[in-house]
Every structure is written in structure tokens, then in C-alpha cells.
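>
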Amino acid sequence: MPQQPVLSRRHWLAGGLCGLTALQFAAPAFAQYQVQRQLMPLVNPGTVIGDSAPEGWTHLIIKSSPKCTHGDVNQVNKMHVQMSSMLTTSLVAEVRRSQRNPNTFILNRVAGAVTKNIPGRGDVAITPETQKQLGANLGLVENLLLKTFVREQRTVAFVARGSQLAIFDTPIVLRVGQTAQGHNTKMVLRYGVVVEPTTGQLETFCWPLTLQNGQVSAVAGKLQWLPQNHMITCNLWVDRREINFAGIPSETAFACVSIPPGKFQIPLDNSPNVAQLLSRPQYTQQECQQVEGWLRMVCHQRQASR
0 MPQQPVLSRR
10 HWLAGGLCGL
20 TALQFAAPAF
30 AQYQVQRQLM
40 PLVNPGTVIG
50 DSAPEGWTHL
60 IIKSSPKCTH
70 GDVNQVNKMH
80 VQMSSMLTTS
90 LVAEVRRSQR
100 NPNTFILNRV
110 AGAVTKNIPG
120 RGDVAITPET
130 QKQLGANLGL
140 VENLLLKTFV
150 REQRTVAFVA
160 RGSQLAIFDT
170 PIVLRVGQTA
180 QGHNTKMVLR
190 YGVVVEPTTG
200 QLETFCWPLT
210 LQNGQVSAVA
220 GKLQWLPQNH
230 MITCNLWVDR
240 REINFAGIPS
250 ETAFACVSIP
260 PGKFQIPLDN
270 SPNVAQLLSR
280 PQYTQQECQQ
290 VEGWLRMVCH
300 QRQASR
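Numbering-wise, the sequence shown is residues 0 to 305 according to numbering that gives the first Met the number 0.
1. From Q223 to F263, what does the alpha carbon distance come to, in whole angstroms?
2. Excluding five sequence neighbours on each side, which residues of the same chain lie with their C-beta closer than 8 Å to the C-beta of K77?
3. Can you tell which of N243, R96, L137, V290 has its C-alpha closest to the C-alpha of V352?
4. Let's see if you can read the secondary structure: which residues bound the beta strand (DSSP E) around P280?
5. Taking 7 Å as the cut-off, decide whether the C-beta atoms of S89 and C67 are in contact.
6. Please confirm whether A92 and K115 have their CB atoms less than 7 Å apart.
7. Could you have a look at R153 and say whether DSSP puts it in helix, strand or coil?
8. Where do the ends of the beta strand (DSSP E) carrying M230 lie?
9. Using the beta-carbon count (16 or more within 10 Å), is E54 buried or exposed?
10. Could you tell me whether the stretch 135-153 touches the stretch 218-235, where touching means 3 or more Cβ pairs closer than 8 Å?
11. Of all the options V113, T178, G199, K62, which has the alpha carbon lying nearest to the alpha carbon of N107?
12. Any idea if Q288 is buried or exposed, counting beta-carbon neighbours within 10 angstroms, 16 or more meaning buried?
13. Measure the alpha-carbon distance for Q284 versus V42 and round it to whole angstroms.
14. Taking the alpha carbon of A252 as the reference point, which residue from V123, L277, I171, V158 has its own alpha carbon closest?
15. Expressed to the nearest angstrom, what Euclidean distance is found between the alpha-carbon atoms of C298 and E286?
16. Within the same chain, show all residues whose beta-carbon is closer than 6 Å to that of V194, passing over the 5 residues directly before and after it, in chain order.
17. So, at 7 Å on beta carbons, what are the nonlocal neighbours of E241 in its own chain, with the 5 sequence-adjacent residues on each side left out?
18. Run through the stretch 122-181 for me and flag every whole alpha helix (DSSP H) of 4 or more residues, listed as ranges in chain order.
19. Do V47 and G121 have their CB atoms nearer than 7 Å?
20. Looking at the structure shown, is R36 part of a helix, part of a strand, or coil, going by DSSP?
21. Take the Cβ of R295 as the centre, count every other Cβ of all protein chains shown within 10 Å, and call the residue buried at 16 or more, exposed below.
22. State the CB to CB distance for the pair V123 and L133, rounded to an integer number of angstroms; the pair is presumed to be in contact (CB under 8 Å).
23. Would you give the residue range spanned by the alpha helix (DSSP H) that Q81 belongs to?
24. According to DSSP, is R301 part of a helix, a strand, or is it coil?
25. Per DSSP, which residues does W206 bridge with? Please list them.
26. May I ask you to report which of helix, strand or coil DSSP gives V273?
27. Helix, strand or coil for L201, going by three-state DSSP, please let me know.
28. Give me the Cα-Cα distance between T169 and S278, rounded to the nearest whole angstrom.
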């Protein structure tokens with residue numbers, strides 16, 4: 000995989016991005032945020048999600064297709080390997096003009112989807128209750144896998160929500176250590192989505208968070224600034240130690256080798272205050288304003304350096 004561009008520490012210091020004073024950049028003082036945790040909805044079953052925004056939506060944030068490529072791929076049941084690539088997951092968004100102020104764009108909604116390729120239709124959003132009538136015709140084992148995917152997707156939750164900001168957490172299993180001595184670990188992938196109010200441009204960032212006692216704890220890697228319509232193959236690490244004698248895999252039998260790669264990577268090693276802010280289990284109104292301001296400053300810094 001080619002290396003992604005990294006915004007260097009020199010760029011951060013030149014723009015003042017390492018200081019908390021910069022976190023106020025472009026964050027509206029009047030902005031109000033929903034800070035109570037809310038589950039993310041799923042798109043309507045039957046929605047076709049290709050390589051761009053589906054009908055009724057304006058943005059495809061990301062579409063991820065899993066594939067077993069690392070670890071004990073050749074030492075486990077082939078059925079597990081084949082089924083791991085059966086379903087894809089997606090995140091979509093709708094940006095529209097504000098009814099109160101038509102000159103301003105807002106982030107109206109964000110939703111997730113689990114899709115399966117149905118011949119003649121493409122990747123169609125399905126649930127265990129709708130898959131048969133939509134033409135997926137899954138068998139018993141396949142439908143159990145779909146139930147697992149949909150159950151996980153239904154745990155995706157907004158941590159903070161504003162008119163032009165969404166911060167939400169998705170469950171993820173990541174491989175820690177790229178050798179046989181490593182391990183598959185439950186973590187959280189946090190997304191930050193911001194909308195430019197004058198143009199409607201949507202920018203998406205994601206970063207991994209460790210878990211401690213079931214709660215997010217600390218940033219565990221670089222922040223990724225994702226491109227538009229991000230289509231990825233999610234390479235999986237298979238750990239046969241997590242598959243029991245009956246051939247039943249545990250929740251950590253398959254792990255993502257990495258988080259979604261961005262068009263730019265943003266190191267946070269030298270920005271402890273920012274890293275701490277980005278890993279809050281909950282946010283106050285002021286902290287939401289700071290996160291939104293910081294993400295906007297990242298966008299501004301990049302545009303100014305072109």
C-alpha cells in the first residue's frame with residue numbers, strides 16, 4: 000500500500016494547530032450541540048449503494064468491503080474466509096440548505112448500512128427481516144452472519160451532533176502487532192464529519208480509540224482525513240486461536256489490519272491536548288465547539304498550503 004501524505008509537525012506548529020487556542024477557529028459561538036449519546040439509524044432496506052451517494056443522499060462517506068488477507072487465512076475453514084467477504088458496510092450523509100437560512104448548508108442526517116450484492120441490482124441494503132424479499136435469499140448460516148453485522152451496525156452511536164458537525168463511534172476489531180505474537184483487539188473508530196456552511200462541502204476524519212472498562216480511553220494512532228466517496232477493501236487478519244474446536248469464531252477472530260487510510264494522515268503525538276480532546280467519552284457544549292473548530296482549522300490549513 001502506498002504511503003499516505005502526512006501533515007508534518009512543522010505544518011502544525013506553523014499554523015498553531017498544536018495549541019488549544021487554535022481550537023476556537025471558525026467554531027460558531029452560537030452553535031448548539033446534542034451531546035447525549037444517540038444511536039445512528041440504518042438506511043432504508045432496498046437502498047442501492049454503489050460508488051457514490053445513493054438516491055436520497057448527497058454523500059457516500061465510506062464503503063468498506065472486508066477480505067481475509069493476513070494471518071491464519073490458509074489454516075481455517077474456507078467457509079469462514081468466503082463468508083467474511085459476503086457483506087459490505089457503508090456510511091452515508093445528506094447535506095442540504097437550511098430552511099431558516101437558505102444561504103447556509105447543514106448536515107441533515109447520517110446513517111449506516113449493511114449491503115449484499117444482489118445480481119442485477121448491485122449492493123443492496125438489507126436486514127435479517129428484509130433480505131429474503133429483497134432477493135438476497137440467504138441460508139441459515141449466512142443470515143446469522145447478517146444478524147451479527149446488523150447488530151454491530153446498530154451500536155454505532157453519535158457522541159455529539161450539531162447543525163454542521165457529527166461525531167460518532169463505530170465498533171472495530173483491530174490487529175495490534177503485525178506478527179504472530181500480536182493480537183486482535185476490540186477498539187472504537189471515531190468519526191468526525193464537518194460541513195462547510197457556505198459551500199456544503201463535507202469533510203470526514205477518523206481516528207482509533209482504545210477501550211478501558213468498556214469506555215473510550217485514548218487515541219491509538221494517526222487521525223485520517225478521508226477522501227470523498229471513500230471505497231476501501233478492509234484487509235482482515237485471521238487469528239485461528241480465536242476459533243474454537245467446534246469451528247465457531249469469537250468476536251475477535253477477524254480483525255482489521257488498519258483503520259481506513261486517508262488522503263492525509265495527521266500525527267497527534269506532539270499534540271497531547273488535542274489527542275485528549277478527541278478521545279473524550281462525552282462532550283460538553285464548549286468541547287464540541289473546540290472539536291469543530293479544530294477540524295475546520297485542519298481543513299483551512301491544508302487549503303492555505305496548496
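Built from N, CA and C at the ideal position, the CB exists for glycine as well.
Put simply:
1. In a straight line, the C-alpha of Q223 is about 6 Å away from that of F263.
2. Short of 8 Å from the beta carbon of K77, and not among the five residues preceding or following it, lies no beta carbon of its own chain.
3. Given that the chain is displayed from residue 0 to residue 305, the structure contains no residue 352 and the question cannot be resolved.
4. Unbroken run through P280: none, as it is neither H nor E.
5. Between S89 and C67, the C-beta gap is not smaller than 7 Å, which leaves the two residues out of contact.
6. Not in contact: A92 and K115 (Cβ atoms no closer than 7 Å).
7. coil
8. 229-237
9. With fewer than 16 other Cβ atoms within 10 Å, it is exposed.
10. no
11. G199
12. Flag for Q288 reads buried.
13. 28 Å
14. Restricting attention to V123, L277, I171, V158, the CA atom closest to the CA of A252 is found in I171.
15. 19 Å
16. V94, F104, L106, Q163, L201
17. Cβ neighbours of E241 beyond the five flanking positions: N183, P248, S249, T251, A252.
18. 139-152
19. Yes, they are a contact pair.
20. coil
21. Buried, since its Cβ has 16 or more Cβ neighbours within 10 Å.
22. 6 Å
23. In this chain, the alpha helix (DSSP H) harbouring Q81 covers 77-82.
24. helix
25. R189
26. helix
27. strand
28. 13 Å
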